[in-house]
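A short worksheet on the structure shown next.
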Amino acid sequence: MSIPVSTIEELFSDRGILANSLSNYQPRKSQISMALAVHDALENNNTLVCEAGTGTGKTFAYLIPAIQYAITYNRQVVISTATKNLQDQLYLRDLPKLLNIFKFPLSYAQIKGRSNYLCLLKLHQVTQNNRLDDKLLSLFHYIKRIHRQTHWGELSEFSKLQEDSIAWRLVTSKLDECSVQDCTHFEECYLYKARENAQFAHLVVVNHHLLMSDRLSKQQGKLPLLGDFNACIIDEAHQLSDIASNFYTVTLSSAKLKTFLKDCLQANQQEAGEKSRLPDEIERLQQLLDEFSYCFNQLSENLSWLFIKQQMKSQLVELKKCFSTLTSILEYLATLGKALEHCHQRAKQLQQILSRVLDTVPEQGYIHWLENSRQGFAIHLTPVNIAEHYDHQVHAKEVSWIYTSATLSSLNNLHDINDTFVNDAFENNTFENRAFENNAFEKRELDSYFKFFSQQLGIQESSYLSFSSPFNYSKQALFYHPPQLPEPGHDNFIPQLVDTTLPVVNRLQGKSFYLFTSYRSMHAAYELLSKNAFNILMQGQFPKQELLNRFIDEDNSILLGTYSFWQGVDVPGQALSCVIIEKVPFASPYEPVMAARLERLKSSQRDPFYEYQIPQAIISLKQGIGRLIRSVSDYGVLIIAG
């Protein structure tokens, strides 16, 4: 039985149930067209790439066809979005609202990553520790008291805990620490209850990190996190390639190794006693890791891993030798207890990563690079081309894949496009509409605009749609590019940027975002702006949502942020009246992964600037611009400085 197309149009019409149930609802052609396109992709197991500008109403445009499809055919649809906040918004607000309106008999669930769920075994262990300080002990007792009142034992249900809480990290498990077979609390495990609940739900809401974990598990032949779903809708899809890149990266970090060694010591103390050789080998490894951190701190930035391996050849050989000895000792001790047996399994997994990352011959198609900080080091092995690793087998199955976001397309060939067209795209956060019908690009125009996004993920067979925003940017927003500023990076650039924008910010009594491409620029601007009579809020001072709440509630507020505030931030109304963008957000060509990808294009006789750097910068810029106008009644000023 097929879902009639007319039903979709009726639902979204000015006389439909949405108009009768939601205040201020207005039918939008682009929303109806997108809903029909999603319906068609679901019905025919097709892939759809759909850009829907701010104000299109894309969430309902994909949710309603997805709900109807799942109920009509009793099939499962996975909806993935970029962040846990957006995931909560779908699960706790948007879905309940629609189900209350339509009375659909829909079962739905959500799953987050392991670190979001309380581990009852860890909670039991930490509360037995008498050496904890009073503050931590108080938080653990709070968790122990409250968790029975929660639905899923999930972080967002504990109001007193922040996302980066040390207490929360100590009561959650990591994959290599979790032993399902031997867990005394498995019957009550919140994580596995959430996964079990999702197995038979019509709609399952996840985030991109969990979706990539599931796909990676399937590729490696491990137990998947999600079942065999029939359709997947990926919202905020512009972030997927970066997240996928992280998941296909193999990493060896000092933090992970030190945590492992600490767990080995604890297991040895519990199950092997003082006669074991394990503590001596662990101490030697810890010394080696400290030596590595010291040596890495002496090296200049942007050195290739091949060069580093040549400089530290003897230390690397010693590290591999020591770890091999540790693994052998653990193999011998594994029969003494479950904890030591589990440590032995983890050692074998880490030894494989160690051998791969420290191998003297660089792997074809991978970038070796070093990340160094005060907290320690991490050695990464990142694919140059994500498309070669993205799970093509999933696309080959009878599954619908729908990718959507406000920013998916990019101008692919600027050689043939005049300045007016480019400026219009930057100023209005949309491509000009006069060449297109129904507020959407025609099919023949789209392949090149979506080429950057599609090539990153290896999407080959797809329908493309792009709906520009229904907002009238030429009437709702003023665009200003300050003249005669120094080049970004010049010592006077940030001081002059602040001086130039202060009259506008003063006139608006704050109500402004400053968006930066680096922490250094953000902190420099903070020092200068703090001398004025504003309530200055800066990323990192408080959790993200608290910063936004303070910005909205407190008078004369200015908020300074880096990339995490360029997207996924919604401040409608006059609380945000000005967005100031430091410069067009070109990624650094010297960053190791970026440098390798640009070099790969260059070696293929392709232009990396026009084919990679410009499309990526346009998508990021459109995200930043999109913070300003969030409704038909919003007005504001957009300033792009450099």
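Going from the sequence shown to the working numbering is simple: count from 1 and add 29.
Note that CB positions come from ideal geometry on N, CA and C, so glycine has one too.
Nonlocal neighbours in the same chain, by C-beta distance under 6 Å from Ala138, ignoring five residues either side
Asn226, Ala227, Ala230 and Val233
Local Cβ density within 10 Å of Asp211, reported as buried at 16 or more and exposed below that
exposed
If the criterion is Cβ atoms closer than 9 Å, does the pair Ser491 and Thr88 meet it?
no
What number of angstroms, rounded off, separates the C-alpha of Arg463 from the C-alpha of Gly671?
Low confidence applies to Arg463: its pLDDT is 27, below 50, so where it sits in the model is not reliable, and the reading given next is rough at best. Whole-angstrom Cα-Cα distance: 29 Å.
Return the bridge partner residues of Ser495 from the DSSP annotation.
Glu80
Keeping to the same chain, check which residues put their C-beta closer than 6 Å to that of Ser660; ignore five residues upstream and five downstream.
Pro601
Taking the beta strand (DSSP E) that Ser402 falls in, what are its first and last residues?
Tyr395 to Ser402
My guess is that Lys367 and Leu318 are in contact by the Cβ rule of under 8 Å, so how many angstroms apart are they, rounded?
Not really, about 27 Å apart at Cβ, beyond 8 Å.
Distance CB(Thr280)-CB(Val413) smaller than 9 Å:
no
Residue span of the beta strand (DSSP E) that contains Gly665, given as start and end:
Gly665 to Ile669
For Val346, count neighbouring Cβ atoms within 10 angstroms of its own Cβ and tell me buried if that reaches 16, exposed if not.
Val346 comes out exposed.
Considering only their Cβ atoms, is the gap separating Leu255 from Val235 smaller than 9 Å?
yes
Can you tell me where the alpha helix (DSSP H) holding Ser181 begins and where it ends?
Looking at the sequence itself, residue 181 is Trp, so the reference to Ser does not match. Counting along the chain, Trp181 falls outside any alpha helix (DSSP H), and DSSP gives it neither H nor E.
Mapping the DSSP letters down to three states, classify Ile140 as helix, strand or coil.
coil
Figure out for me which residue from Glu400, Ser559, His267 and Glu360 has the closest Cα to the Cα of Lys480.
His267
Distance, Cα to Cα, Tyr493 vs Val78?
5 Å
Limits of the beta strand (DSSP E) - the one that Leu588 falls within:
Ser586 to Gly590
Spatial neighbours of Cys261 within its chain, please: C-beta separation below 6 Å, excluding the five flanking residues on both sides.
Val107 and Trp430
Counterpart residues of Cys679 in DSSP-defined beta bridges:
This structure leaves residue 679 out entirely; the chain is present only between 30 and 671.
Got a sec, what are the start and stop residues for the beta strand (DSSP E) Cys261 sits in?
Ala260 to Ile263
If you draw a straight line from the alpha carbon of Arg629 to that of Met341, how long is it in whole angstroms?
The alpha-carbon of Arg629 is positioned some 27 Å away from that of Met341.
Using CA coordinates, which residue listed in Leu557, Asp584 and Leu588 is at the minimum distance from Phe571?
Leu588
Rank Gln55, Leu135 and Asn535 by C-alpha distance to the C-alpha of Leu28 and give the top, closest one.
The chain is shown from 30 up to 671; residue 28 falls before or after that span and cannot be answered.
If you drop the 5 nearest sequence neighbours on each side, which residues of the same chain put their C-beta closer than 6 Å to that of Ile669?
His510 and Ile610
Which two residues bound the contiguous beta strand (DSSP E) that contains Ala363?
Where Ala363 is concerned, there is no enclosing beta strand (DSSP E), given that its DSSP letter is neither H nor E.
With H, G and I counted as helix, E and B as strand and the rest as coil, what does DSSP make of Gly405?
Residue state, collapsed to three classes: strand.
Within 9 Å, strictly: CB atoms of Gln652 and Trp595:
yes
Identify every residue that forms a DSSP beta bridge with Val235.
Ser109
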